[in-house]
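Colleague: Residue numbers for the sequence shown follow UniProt numbering, so the first one is 1 and each next one is one higher. Glycine included, each C-beta is placed from N, C-alpha and C at the ideal position. The structure presented is a predicted model; accordingly, all values stated were derived computationally and were not measured.
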Amino acid sequence: MPQLEKKKIIHTLGMGLLHSIFSLFVIISSIWLCCVIWFQEPLGTIFSRILIGIWIIFSLSILGIYISQNLFSRNKDIAIYIVAFLLSLIGYFNIPAKQDRDWNPEVDRLFTYKKQGDIVTIQNVRNFNWITEDQYEVHWDTRRYNLNHITGVNIITSYWMGPQIAHTLVSFDFADQKPLVFSIEIRKEKTESFSAIGGFFRKYELSLIASDEKDLIYTRSNIRNEQVYFFPINMPKAEMRALFEEYLSKTDELAQQPKWYNTLTSNCTTLVFDMIQAISSKELPLDYRLLASGYLPNYLYDLGALNQQWNIKQWYQHAHVNPRTDLLKQVKNPSSENYSKVIREGLPKSVINGS
Numbered sequence: 001m002p003q004l005e006k007k008k009i010i011h012t013l014g015m016g017l018l019h020s021i022f023s024l025f026v027i028i029s030s031i032w033l034c035c036v037i038w039f040q041e042p043l044g045t046i047f048s049r050i051l052i053g054i055w056i057i058f059s060l061s062i063l064g065i066y067i068s069q070n071l072f073s074r075n076k077d078i079a080i081y082i083v084a085f086l087l088s089l090i091g092y093f094n095i096p097a098k099q100d101r102d103w104n105p106e107v108d109r110l111f112t113y114k115k116q117g118d119i120v121t122i123q124n125v126r127n128f129n130w131i132t133e134d135q136y137e138v139h140w141d142t143r144r145y146n147l148n149h150i151t152g153v154n155i156i157t158s159y160w161m162g163p164q165i166a167h168t169l170v171s172f173d174f175a176d177q178k179p180l181v182f183s184i185e186i187r188k189e190k191t192e193s194f195s196a197i198g199g200f201f202r203k204y205e206l207s208l209i210a211s212d213e214k215d216l217i218y219t220r221s222n223i224r225n226e227q228v229y230f231f232p233i234n235m236p237k238a239e240m241r242a243l244f245e246e247y248l249s250k251t252d253e254l255a256q257q258p259k260w261y262n263t264l265t266s267n268c269t270t271l272v273f274d275m276i277q278a279i280s281s282k283e284l285p286l287d288y289r290l291l292a293s294g295y296l297p298n299y300l301y302d303l304g305a306l307n308q309q310w311n312i313k314q315w316y317q318h319a320h321v322n323p324r325t326d327l328l329k330q331v332k333n334p335s336s337e338n339y340s341k342v343i344r345e346g347l348p349k350s351v352i353n354g355s
């Protein structure tokens with residue numbers, strides 16, 4: 001085959017690959033931008049539909065002209081589209097998270113605290129009495145904790161859409177006070193409902209809730225009928241305290257600068273991992289189970305953070321909260337103390353390493 005003909009074939013293949021890459025880029029980036037518009041604007045409004053329509057017409061026009069024109073015109077088309085998309089990216093990443101929206105009552109308040117030495121007084125501890133998922137009695141408490149009296153840390157996973165995805169909560173036991181549970185959640189407005197897809201597109205701000213266990217955990221196990229599992233964690237006492245203080249620092253951060261929730265990178269599991277990594281004396285390995293949060297207990301078991309008296313299958317059997325709390329559904333208003341006692345029945349206590 002003549003050398004010139006080979007060059008033509010290579011050039012043709014190279015240009016075909018370039019055209020395919022650019023076309024794929026236009027399609028993927030347009031889908032992403034349409035999702036951004038859809039979730040940023042009130043869902044399904046005329047304005048959002050008009051913007052989406054304009055962008056679809058624009059991107060299809062670019063693709064049509066690009067395919068039909070010569071090399072010089074194609075380069076112009078590439079430049080026009082990339083500039084337009086970059087401007088859209090700049091606008092997207094400058095959407096500010098806010099504190100002053102019309103929030104749902106259960107995420108209306110961020111907890112605050114006052115710390116004097118070992119004593120922490122926390123305001124806005126949520127202690128709602130849940131009747132149904134949409135009916136509840138509002139209570140916000142003020143509670144006082146001695147950080148030297150922390151006796152255990154527990155990881156709670158709550159499943160609502162299969163074994164791969166779970167909501168992660170962290171509960172602290174105290175020698176002289178009821179347990180306190182923290183939950184990193186989306187901060188929904190009154191007009192919003194949860195969307196895992198919307199969580200990729202700056203739809204929700206982050207919220208950090210400090211709560212009574214009967215509120216946050218009971219809601220999931222007995223009201224929403226999610227499958228809840230309770231795992232006492234082995235941890236040095238100094239790290240238990242440091243983790244509690246990390247939650248205090250996190251609420252300070254959110255009070256000063258609200259942040260966006262992200263379904264993949266900034267959620268209830270990844271942020272807990274970041275806090276534990278910050279206070280851990282050793283480097284924790286990155287693992288796919290930090291993203292597939294339903295398998296977080298398996299990750300903890302492999303790290304030795306769970307008592308090794310059971311294998312992981314046995315752990316799931318013993319840690320399952322729902323079979324123990326089903327009887328509480330017959331009680332009109334079970335006490336907080338009774339609920340916390342029931343969900344710990346038959347489980348080993350946290351092992352305080354290094355003590």
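How big is the Cα-Cα spacing for His167 and His19?
Modeller: 43 angstroms
Colleague: May I have the straight-line CA-CA distance separating Trp55 from Ile37, to the nearest angstrom?
Modeller: 10 angstroms
Colleague: Assign Trp160 to one of three DSSP states: helix, strand, or coil.
Modeller: Coil, per DSSP.
Colleague: Cβ of Gly304 within 9 angstroms of Cβ of Thr157?
Modeller: no
Colleague: Considering only the alpha carbon of each residue, which of Glu137, Asp100, Thr269 and Asn262 lies closest to Leu300?
Modeller: Thr269
Colleague: If we count Cβ pairs, one from each stretch, closer than 8 angstroms, do we get three or more for the region 226-236 versus the region 336-351?
Modeller: yes
Colleague: Comparing alpha-carbon positions, which option in Thr151, Gly53 and Tyr316 lies nearest Asn234?
Modeller: Checked all of Thr151, Gly53 and Tyr316; the closest Cα to Asn234 is Thr151.
Colleague: With a threshold of 16 other CB atoms inside 10 Å of the CB of Pro297, please say whether the residue is buried or exposed.
Modeller: buried
Colleague: When the Cα atoms are used, what is the spatial distance from Lys259 to Tyr247?
Modeller: 15 angstroms
Colleague: Just reading off the beta strand (DSSP E) that Pro323 is part of, what are its end residues?
Modeller: Segment Asn322 to Thr325 is the alpha helix (DSSP H) holding Pro323; no beta strand (DSSP E) there.
Colleague: Going by DSSP, what residue range makes up the alpha helix (DSSP H) through Val272?
Modeller: Thr270 to Ile279
Colleague: Which residue's Cα is closest to the Cα of Leu110: Ser281, Arg241 and Ile209?
Modeller: Ile209
Colleague: Trp315 by DSSP, collapsed to three states: which one?
Modeller: Reduced to three states, the DSSP call for Trp315 is helix.
Colleague: For Phe72, which residues from the same chain have a beta carbon less than 8 angstroms from its beta carbon, with the 5 sequence-adjacent residues on both sides left out?
Modeller: Note that Phe72 has pLDDT 46, beneath the 50 cutoff, so the model's placement of it is unreliable and the number below is only indicative. So the list is empty, once near-sequence residues are dropped.
Colleague: Could you tell me the boundaries of the beta strand (DSSP E) in which Leu169 lies?
Modeller: Ala166 to Phe174
Colleague: Determine the direct distance from the alpha carbon of Ala79 to that of Glu106, and round the result to whole angstroms.
Modeller: Computed Cα separation, rounded: 47 angstroms.
Colleague: I need the DSSP call for Arg101, collapsed to helix, strand or coil.
Modeller: coil
Colleague: Excluding five sequence neighbours on each side, which residues of the same chain lie with their C-beta closer than 7 angstroms to the C-beta of Gln23?
Modeller: Before going on, a small fix: residue 23 reads as Ser here, not Gln. Around Ser23: Leu63.
Colleague: Where does residue 387 sit, in a helix, a strand or coil, going by DSSP?
Modeller: Since the first residue of the chain shown is 1 and the last is 355, residue 387 is not available in this structure.
Colleague: Candidates Gln257, Phe58 and Asp102: which alpha carbon is nearest Ile82's?
Modeller: Phe58
Colleague: Look at the alpha carbon of Asn129 and the alpha carbon of Leu328, and state the distance between them as a whole number of angstroms.
Modeller: Using only the alpha carbons, I get a separation of about 14 angstroms.
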